[in-house]
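Trainee: Here it is, the structure, as structure tokens.
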Amino acid sequence: MEIRYTTNPTDFSQYGTKRIRDEFLITNLFQVGKVRTVYSHNDRVVLGGAVPTTEPLTLKAHEALKTSYFLERRELGIVNIGNNGVVSVDGESYDLDTGSCLYVGLGNKYIQFESVNEEEPAKFYIVSTTAHCTYPTTKVDITTAQAYELGTTEESNQRILYRFIHAEGVKSCQLMLGMTVLKPNNMWNTMPAHTHDRRMEAYLYFGLPEDSKVFHFMGKPDETRHLVVSNEEAVISPSWSIHSGVGTHNYTFIWAMAGENYTFEDMDAVKMEDLR
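Sequential numbering of the sequence shown, starting at 20, is according to the numbering used here.
Printed below as a string of structure tokens:
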């Protein structure tokens, strides 16, 4: 488990490209035959990837968590961005095809990941937050998730926003998670930008061709910076930062939020003229 610490926005304004990438960009998240996790001190979120092939993979507690098992004080969201797979939770199996999401509540001790076909493995994206009570393990398919059509052709941001884990869907203690799919020939997401000072957010960008990039913008609205992001890389966004991006090709991203406020609409809009 890799550890990432929090950052003061005043200090952030002095960072160069390498420091920004080291602090906020997560690369090589999906490693064949392994579970990789990153612990962020931003609202104590854990991000991870699991790519099982010939053998199942188990999500184990790390010394940094100071617990006997991973979900002793946590909840978990899992999205399969690869081929068909299976997640077992305390002996009960859930089939997850591409785009399916599984919520796993506090107190479940045994989490295992498998691929249906080792030649075409599943890729499980993992987001975990701290939890104070137990909600039932629940699967949600992209075809049954709340979906919202957003954006316009003129602004190059036509997209479909799917909500998986949220107050009006699959309930959790604090984790909110969903997926946004940009339509062909559309590149911008979440612009005009916003912040939500009571919640951090993480983005996983995927569905990009190998030679394409996303330019992810972050920082205080009046002093922004950017990250150049490749396919299947994730970005940690502190609560004081905007989080928006534009790609050289359309793409999909999974957004996940954690923090004090559990209301999806709680955000502070930033006017275009106030961006710097």
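Don't be surprised by glycine CBs; every beta carbon is placed ideally from N, CA and C. These numbers were taken from a predicted model, which means no experiment stands behind them.
Starting from R295 and walking both ways along the alpha helix (DSSP H), at which residues does that stretch end?
Mentor: From DSSP, R295 is part of no alpha helix (DSSP H); its letter is neither H nor E.
Trainee: At which residues does the alpha helix (DSSP H) containing T36 begin and terminate?
Mentor: T36 to F43
Trainee: Please check the pair S147 and V65, which I expect to be a contact at CB under 8 angstroms, by giving their CB distance rounded to whole angstroms.
Mentor: 4 angstroms
Trainee: Going by the CB atoms, is the gap between D293 and P240 shorter than 8 angstroms?
Mentor: The answer is yes: Cβ separation under 8 angstroms.
Trainee: Return yes when the Cβ of T156 is within less than 8 angstroms of the Cβ of G124, no when it is not.
Mentor: yes
Trainee: Determine the closest residue to D216 out of G278, L227 and A166, with distance taken between C-alpha atoms.
Mentor: G278
Trainee: Skipping 5 residues on each side, what residues in its chain have a beta carbon closer than 6 angstroms to that of G226?
Mentor: Y270 and T271
Trainee: Going by beta carbon distance, what residues of the same chain come within less than 8 angstroms of K232, once the five residues before and after it are set aside?
Mentor: Counting only residues of its own chain and dropping the five nearest sequence neighbours on each side, K232 has a CB closer than 8 angstroms to the CB of V247, V248, S249, G266 and T267.
Trainee: Span of the alpha helix (DSSP H) holding D30?
Mentor: P28 to F31
Trainee: Which residues does DSSP list as the beta-bridge partners of L180?
Mentor: Y167 and T199
Trainee: In this structure, what does DSSP give as the bridge partners for V146?
Mentor: Per DSSP, L66 and G96.
Trainee: Starting from T243, trace the beta strand (DSSP E) in both directions and tell me its first and last residue.
Mentor: E242 to V248
Trainee: For D116, I'd like the list of residues in its chain whose CB is within less than 6 angstroms of its CB, leaving aside the five on either flank, ordered along the chain.
Mentor: N103
Trainee: Who are the Cβ neighbours of P228 in its own chain at under 6 angstroms, not counting the five residues just before and after it?
Mentor: In chain order, H268 place their CB closer than 6 angstroms to the CB of P228, counting only its own chain and leaving out the 5 sequence neighbours on each side.
Trainee: Could you spell out where the beta strand (DSSP E) holding I261 opens and where it closes?
Mentor: I261 to G266
Trainee: Beta carbon of Y4, beta carbon of D109: below 8 angstroms?
Mentor: What is shown of the chain runs 20 to 295, which leaves residue 4 out entirely.
Trainee: Contact between the region 194-202 and the region 171-181: three or more CB pairs below 8 angstroms?
Mentor: yes
Trainee: In terms of residues, what are the limits of the beta strand (DSSP E) holding S256?
Mentor: E252 to S256
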